[in-house]
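Peer 1: Got a structure for you, questions after.
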Amino acid sequence: MNSKSLLAALKSGNSDHVKALLKSVDTSQWPTEVLLPFTLREVLKALPNADELNYVANCFRLFSSLRRLHELQRREAAELHRLSVLAESVHAMMHYDHTRDVNKLSDFVMRRYQTIVRLYACRRYMPQFKYLVTVCHRRSRLIKFKMSSGFPLANILDKLKKRGLNFVEALIAVTIR
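With the working numbering applied, the sequence shown has no gaps in its numbers, which climb one by one up to 451 at the end.
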């Protein structure tokens, strides 16, 4: 299959067709940055699964450093990376087994925040991360956090999914021109 017809087929909205094409493509002939938006689109569509959050965060981190993208696109990718790391931290807290050590969870959340500060010199989500670290310090707070819906994971995932899909669709539109 030639490159133009493959890209046109990947642009289709049929999710099963796109997944089959991505599995059959010889990736040695295609640069990662060309096929990645299509793969990421499929992962984002299934995002309430939330098991792929690390993959999503790594993809947005990659896009935030690609020099072939415009500065505005890199900034949007960086923002989506920060949001996906926040979602990953909340997901880890919501699925944490209360019999394990809460200090490890607190360290995980703090390391994720420090990564964001180190990469982007941005403290945009500082209040949220401070709150999450505070909750992680005590098992009773963590259990109460898991029981309440004051900081719902679903809202963060919906926001990430909507903004991520818009970003990826814009990348795909540029790729296929």
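All C-beta atoms in this analysis are idealised placements derived from N, C-alpha and C, irrespective of residue type, glycine included.
Note that the structure is predicted; figures quoted are calculated from it, not measured.
(1) If you draw a straight line from the C-alpha of residue 336 to the C-alpha of residue 409, how long is it?
(2) Verify whether the separation of the beta carbon atoms of residue 438 and residue 358 is less than 9 Å.
(3) Given 8 Å as the limit, is there contact between the region 441-449 and the region 309-317, that is, 3 or more CB pairs closer than that?
(4) Can the beta-carbon of residue 403 be found less than 9 Å from the beta-carbon of residue 376?
(5) Do residue 338 and residue 349 have their beta-carbon atoms positioned less than 9 Å apart in this structure?
(6) DSSP three-state call for residue 343: helix, strand or coil?
(7) On the three-state DSSP scale, how would you describe residue 432?
(8) Give me the Cα-Cα distance between residue 399 and residue 433, rounded to the nearest whole angstrom.
(9) Below 8 Å on the Cβ atoms is my guess for residue 453 versus residue 343; work out the distance and round it to an integer in Å.
Peer 2: Taking the definition as stated:
(1) 30 Å
(2) yes
(3) yes
(4) no
(5) yes
(6) Secondary structure at residue 343: coil, using DSSP grouped into helix, strand and coil.
(7) helix
(8) 14 Å
(9) The chain is shown from 275 up to 451; residue 453 falls before or after that span and cannot be answered.
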